[in-house]
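Report on the structure given below.
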Amino acid sequence: MPRRGLRGGLLKFIRPDDLEQIRFAVLEVLSEVGILMEYRPALELLADHGAKVDWKTSVVRLPEGLVQRALVTAPSRFTLYGKTPEYDVKVDLDRVYTIGGSCALSVLDLDGQHRLAVRQDLVDLTRLLEEMPHLDIMHQIVVPSDVPELGYELVNFATCYSISKRNYYSQAQSAESVRDQIRMAAVYQGSEEAVRDRPTFSEVVCMVSPCKHEKQNSEVLMESARHGIPLYIEVDSLCGATTPAPIAGTLVEEGATVIAGVVLAQLVNPGTPCIFSIASGILDMANGAYSGAAPETALIHAGTAQVAHRFGLPYQGGTGIDAKLPDAQAGYERALQVLTNILAGTNFVHLSYGMMEQMLLASYEQVVIDEEIMGAAFRIAQGFDVNDYTLSVDMLARVGALGKHFLTQRETRDFYRKDRWQPTITNRDPWDTWQAAGGKDMRQYANERARAILAEEKPWAVDQEQAAEIERLCQEGVRKAQERRQAM
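Residues in the sequence shown are numbered from 5 upward in steps of one, following our numbering.
Take a look at the structure:
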């Protein structure tokens, strides 16, 4: 059976009339301010469909009619395919899923060492993430320092795609990189046509605030759309620096920048699945740093969920926390961020496992702790049922008002089995019992759990022969990318 996420969206920060004002402002920015697009084929395609292009500045203005026509073809329901049906993700505007960490440069390893990430970390962290029950989509949690800078995304693809059964959230540096990834996926899926019919990976393209589409990202977007590869069209704004300081203004800028990408994708290939995506944060004026765990950041992400849904698009939000260690700060930052996003109806809670230090650091222990937080957060969002059975009047009548307990009642046993969240590394023992068992804190429990998972060698998603062929294609793609660069 495919994965069908929990329904979110109970938490709304924007009133309906205010939401309409934001939508109108997005359309106004698109039609009157415009988007700077560096990729000439994108400008030409938009111009052919009625957009107004200033060829000197490369700014394109999108009439409201063009935007609305394109949005009609952007699906609000589709499937992100895993390698097996139980990892298929059924996407709509209501259900909530999770995505792993993304592109950290350093790791905090199980020996407590802070160091640059290497490819073996990508292998180990992907194996660790693959065992997290609440993870739905796999991503490259680190960028290894021991692989070529040009073509690194192919190495990450070959590594993560070979290990994980989940849909892989990829990225590309060029149109050829997209084609290389299709060739690698075809090793498992049987043919490139099979990849186009049921793509087991998707691509993210990160636009630039304010209101800019760089050449590389437009090229990747258009090539992905041609092949029907689902797209996370993302903008990573810094509220107060690259977008207006008011949160509402940031939502408008994000909306215009992302919607322009959705329009472009639909003109290339109507029906291409597009996910409205952000990894935005606020500017901390005290030190000039990005803050992904500020309460205002949570408000940005919750508000953007409503904006994306108003345009009929699934939404990816969430970002890394600011803590540097798996400590109390990390716990409260992750819990507030995850719970806010789930309740707000963020369809894909991104960067939700292991990411720390403003997305620069990946922690093995935090991956395990975040799974615990995720389980608790999803249980809260699940809520509880009110019906004749759960009101328990019959049970209250049986037990009476004489001070008896409910432990022997059949309903109690049934409900504890199906209704109570059972933690994995949370300790609920009294002090003496806890001390007698070693007095370990959560970080120690997480360390032990991570070591146990990594000690168990489980089969990868692809067999050894397929993995070897994927690696061969990866290295061939890296070599060709370097040759193209040298020929420029």
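Glycine included, each C-beta is placed from N, C-alpha and C at the ideal position.
In this text the structure is predicted, and so the values were computed from the model without any measurement.
Delimiting residues of the beta strand (DSSP E) encompassing residue i
i: H118; result: H118 to L120
i: Q320; result: Y319 to G321
i: S168; result: Element bounds for S168: n/a, residue is neither H nor E.
i: L347; result: Note, L347: premise wrong, no beta strand (DSSP E); alpha helix (DSSP H) at A332 to A348.
i: R65; result: V63 to R65
i: L40; result: I39 to M41
i: V212; result: Run containing V212: none; DSSP gives neither H nor E here.
i: D58; result: K56 to D58
Cα-Cα separation between residue i and residue j, rounded to whole angstroms
i: G296; j: G244; result: 13 Å
i: V182; j: E375; result: 31 Å
i: L225; j: L347; result: 30 Å
i: G379; j: E369; result: 16 Å
i: I167; j: V372; result: 18 Å
i: A190; j: P463; result: 20 Å
i: A472; j: Y173; result: 21 Å
i: Q193; j: E469; result: 14 Å
i: E257; j: H305; result: 13 Å
i: F352; j: D125; result: 24 Å
i: Y156; j: L477; result: 13 Å
i: Q362; j: G232; result: 32 Å
i: V37; j: I282; result: 21 Å
i: T301; j: S213; result: 16 Å
i: K219; j: P45; result: 10 Å
i: T344; j: W59; result: 43 Å
i: V239; j: K56; result: 23 Å
i: H143; j: T163; result: 11 Å
i: A440; j: S206; result: 49 Å
i: Y449; j: I145; result: 22 Å
i: D326; j: L242; result: 15 Å
i: E480; j: P203; result: 22 Å
i: V151; j: V122; result: 8 Å
i: I39; j: T428; result: 48 Å
i: N451; j: A108; result: 20 Å
i: Q426; j: D433; result: 14 Å
i: P89; j: A491; result: 43 Å
i: Q175; j: L235; result: 10 Å
i: K87; j: T437; result: 44 Å
i: P148; j: Q177; result: 16 Å
i: A485; j: R383; result: 46 Å
i: A264; j: E135; result: 37 Å
i: A51; j: T61; result: 14 Å
i: T416; j: L406; result: 18 Å
i: L132; j: E475; result: 21 Å
Extent of the continuous alpha helix (DSSP H) to which residue i belongs
i: T228; result: With the sequence shown as reference, residue 228 is identified as Ser, and Thr is not the correct amino acid for it. S228 -> alpha helix (DSSP H) spans K219 to R230.
i: M484; result: The sequence given here has Lys at residue 484, not Met. Q468 to A491 is the span of the alpha helix (DSSP H), which, as asked, contains K484.
i: Y236; result: Unbroken run through Y236 is the beta strand (DSSP E), L235 to V239; no alpha helix (DSSP H).
i: R202; result: Here R202 belongs to no alpha helix (DSSP H), and DSSP marks it neither H nor E.
i: I26; result: P20 to E32
i: I457; result: M446 to A459
i: D184; result: A179 to Q193
i: D52; result: R44 to D52
Nearest-angstrom Cβ-Cβ length linking residue i and residue j, presumed shorter than 8 Å
i: D140; j: G349; result: No, D140 and G349 are not in contact; Cβ-Cβ is about 15 Å, not under 8 Å.
i: M211; j: T261; result: 5 Å
i: M399; j: F388; result: About 16 Å; that fails the 8 Å criterion.
i: E32; j: H217; result: Not quite, the Cβ-Cβ distance comes to about 19 Å (not below 8 Å), so this is no contact.
i: N221; j: L84; result: Contact flag wrong, Cβ pair sits at about 20 Å.
i: V209; j: I237; result: 6 Å
i: R187; j: V93; result: Not confirmed; about 24 Å, so no contact.
i: D184; j: L158; result: 6 Å
i: L364; j: D128; result: No, L364 and D128 are not in contact; Cβ-Cβ is about 19 Å, not under 8 Å.
i: L303; j: T323; result: Contact doesn't hold; Cβ gap of about 13 Å is too wide.
i: A312; j: V342; result: Actually they do not touch by this definition, with Cβ atoms about 18 Å apart.
- Task: Mind listing, in chain order, the continuous alpha helix (DSSP H) runs of no fewer than 4 residues lying wholly within the stretch 362 to 437?
- Result: 368 to 386, 392 to 395, 397 to 403 and 414 to 423
- Message: For the pair the stretch 20 to 27 and the stretch 113 to 127, tell me if three or more CB-CB distances fall below 8 Å.
- Response: no
- Task: Evaluate the contact criterion for the stretch 226 to 239 versus the stretch 265 to 278: three or more CB pairs, one atom per stretch, below 8 Å.
- Result: yes
- Is there contact here, the stretch 55 to 74 with the stretch 231 to 248, by at least three beta-carbon pairs under 8 Å? no
- Determine contact between the stretch 51 to 68 and the stretch 79 to 86, defined as no fewer than three beta-carbon pairs at a distance below 8 Å. no
- Which ranges does the beta strand (DSSP E) cover as unbroken runs of at least 3 residues, wholly within the stretch 255 to 320, from first to last along the chain? 278 to 282, 285 to 288 and 293 to 295
- Item | beta strand (DSSP E) runs contained entirely in the stretch 74 to 131, provided each spans 3 or more residues | 82 to 84, 93 to 95, 99 to 102, 110 to 112 and 118 to 120
- Task: Determine, using beta-carbon pairs with one atom in the stretch 285 to 303 and one in the stretch 321 to 338, whether at least three such pairs fall under 8 Å.
- Result: yes
- Meets three-Cβ-pair contact criterion under 8 Å: the stretch 90 to 105 and the stretch 315 to 329: yes
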